[in-house]
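Below: one structure, written as structure tokens.
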Ligand SMILES: [Fe+2]
Ligand SMILES: [Fe+2]
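In this note's numbering, the protein residues as written are 1373 to 1701.
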């Protein structure tokens, strides 16, 4: 009988010699900062954690297309429209790399997709907020993609090979996304008074939800420690959040705008940035499905999935035909 792995990857029952060898190799690879690949033995809890994390990440990329896609038809110029289309398309690509990475852990894409459509799986809470003005395209690029980069750059070194490699490519595209958002805000900030107000209003609305993208405070994040021991995560939620807030505190000066945080300051003694308390009750409510746009986002996704059925059928039929031809040859 197979032994069970506890959360630490330690075997709680008597392991078979094969499992024992697998675990030793796994621990050695982690200790020397090498990569775990799909064919390697890994503790069940490691596989589960990664499947959940990577698929949630993929869902976030796919759902994250919606707030911006809403603005493609209303972009203020052909240039802005072309950039926004390219950006939204990149996010679809990120979703696809990540579903592929998640699949290498053994759960098929249809199952992961079903978890999203049924509302069982989570995705980043930020995408349940509405994009109300054109300036939101700027605030989303600068703050939301910016927070994503701060989160994801360390993930390029995640111990699971396919995840880390997907992240390298994704981060390159995210940095373009952040710059295009910043540039939208910069132009608005130098425009008319109304445009400047619109930019400030967008920043005011996205600041807190963007800081929440790093997840709950360290004291309230029970799985973080294990993820750090497995070298999936390299920094804690609060460390990443502080690093990010320090970055945008400088950048906002270039915009000539402000962050809606009177408590924001660099604590010289502690050597870190301090920000105001965030509304974690709101965060929990949004994660639980009660944010301003949760229902709308899922409904749109279900609709898109149904409308795309013929594409999946055609692709499957084409693949089957090709396979059959190859067999005959
Ligand atoms: Fe992305
Ligand atoms: Fe992005």
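All residues carry an ideal CB built from backbone N, CA and C; glycine is no exception.
In this text, all values refer to a predicted model and were calculated from it rather than measured experimentally.
- Note down, one range per segment and in chain order, each alpha helix (DSSP H) of at least 4 residues found wholly within the stretch 1496 to 1576. Assignment of alpha helix (DSSP H) within the stretch 1496 to 1576, counting only whole runs of 4 or more residues, yields 1507 to 1511, 1517 to 1524, 1533 to 1561 in chain order.
- Query: What does a CB cutoff of less than 8 Å around residue 1499 pick up in its chain, not counting 5 residues either side in sequence?
  - Reply: Locating residue 1499 in the chain shown gives position 127, counting from the first residue. Within the same chain, Cβ atoms closer than 8 Å to the Cβ of residue 1499 are found at 1432, 1435, 1436, 1438, 1439, 1665, 1669, the five residues on either side in sequence being excluded.
- For residue 1558, count neighbouring Cβ atoms within 10 angstroms of its own Cβ and tell me buried if that reaches 16, exposed if not. Within the chain shown, residue 1558 is the residue found at index 186, counting from 1. Flag for residue 1558 reads buried.
- Item | Simplified DSSP assignment, three categories, for residue 1408 | By one-based count along the chain shown, residue 1408 stands at place 36. The answer is strand: DSSP assigns residue 1408 an E or B state.
- Task: Taking residue 1419 and residue 1533 to be in contact with their CB atoms under 8 Å, please state how far apart those CB atoms are, rounded to whole angstroms.
- Result: Here residue 1419 refers to the residue found at position 47 when the chain shown is read from its first residue. Here residue 1533 refers to the residue found at position 161 when the chain shown is read from its first residue. Contact check for residue 1419 and residue 1533: beta-carbon distance about 13 Å, past the 8 Å limit, so the pair fails to qualify.
- Is residue 1434 near ligand 1, with its Cβ less than 7 Å from a heavy atom? Within the chain shown, residue 1434 is the residue found at index 62, counting from 1. Residue 1434 Cβ: outside cutoff for every heavy atom of ligand 1.
- May I ask you to report which of helix, strand or coil DSSP gives residue 1413? One-based indexing of the chain shown puts residue 1413 at position 41. In the three-state reduction of the DSSP assignment, residue 1413 falls in the coil class.
- Task: Go to residue 1653, then tell me how far its beta strand (DSSP E) extends in each direction, as first and last residue.
- Result: The residue labelled residue 1653 in the question sits at position 281 within the chain shown. Segment 1652 to 1657 is the alpha helix (DSSP H) holding residue 1653; no beta strand (DSSP E) there.
- Tell me whether the beta-carbon of residue 1566 lies closer than 8 Å to the beta-carbon of residue 1511. Here residue 1566 refers to the residue found at position 194 when the chain shown is read from its first residue. Here residue 1511 refers to the residue found at position 139 when the chain shown is read from its first residue. Taking 8 Å as the Cβ cut-off, residue 1566 and residue 1511 do not qualify as a contacting pair.
- ligand 2 heavy atom lying under 7 Å from the CB of residue 1440: Taking the chain shown and counting its residues from 1, one reaches residue 1440 at position 68. Not so, every heavy atom of ligand 2 lies at least 7 Å from the Cβ.
- Task: Answer yes if the stretch 1537 to 1553 comes into contact with the stretch 1568 to 1587, meaning at least three C-beta pairs across the two stretches below 8 Å, and no otherwise.
- Result: No contact exists between the stretch 1568 to 1587 and the stretch 1537 to 1553.
- Query: Between which two residues does the beta strand (DSSP E) harbouring residue 1646 extend?
  - Reply: Position 274 of the chain shown, counted from the start, is the residue given in the question as residue 1646. For residue 1646, the enclosing beta strand (DSSP E) covers residues 1644 to 1646.
- Go to residue 1637, then tell me how far its beta strand (DSSP E) extends in each direction, as first and last residue. Translated into the one-based positions of the chain shown, residue 1637 becomes position 265. Residue range 1637 to 1639 is occupied by the beta strand (DSSP E) that includes residue 1637.
- Query: Could you give the uninterrupted runs of the beta strand (DSSP E) lying entirely in the stretch 1660 to 1693, keeping only those of 3 residues or more?
  - Reply: Listed in chain order, nothing qualifies, since the stretch 1660 to 1693 has no complete beta strand (DSSP E) run of 3 or more residues.
- Item | Run of the alpha helix (DSSP H) containing residue 1620, from where it starts to where it stops | Position 248 of the chain shown, counted from the start, is the residue given in the question as residue 1620. Residues 1609 to 1627.
- Message: Quick check on DSSP: helix, strand or coil for residue 1649?
- Response: Within the chain shown, numbered from 1, the residue matching residue 1649 stands at position 277. When DSSP states are grouped into helix, strand and coil, residue 1649 belongs to the coil group.
- Message: For a quick check, are the C-beta atoms of residue 1547 and residue 1521 less than 8 Å apart?
- Response: For this step, residue 1547 is matched to residue 175 along the chain shown. For this step, residue 1521 is matched to residue 149 along the chain shown. It is a contact, given that the beta carbons lie within the stated cut-off.
- Message: I'd like the span of the alpha helix (DSSP H) that includes residue 1395, first residue to last.
- Response: The residue given as residue 1395 occupies position 23 in the chain shown. Residue range 1389 to 1403 is occupied by the alpha helix (DSSP H) that includes residue 1395.
- Task: Return yes when the C-beta of residue 1400 is under 7 Å from any heavy atom of ligand 2, and no when it is not.
- Result: Locating residue 1400 in the chain shown gives position 28, where the first residue counts as 1. For residue 1400, the shortest C-beta to heavy atom distance toward ligand 2 is 7 Å or greater.
- Is the stretch 1583 to 1594 close to the stretch 1649 to 1656, with three or more CB pairs under 8 Å? Flag = yes, the stretch 1583 to 1594 and the stretch 1649 to 1656 touch.
- Query: Can the beta-carbon of residue 1423 be found closer than 8 Å to that of residue 1599?
  - Reply: Here the question's residue 1423 lines up with position 51 in the chain shown. Here the question's residue 1599 lines up with position 227 in the chain shown. For residue 1423 and residue 1599, no; Cβs fall outside 8 Å.
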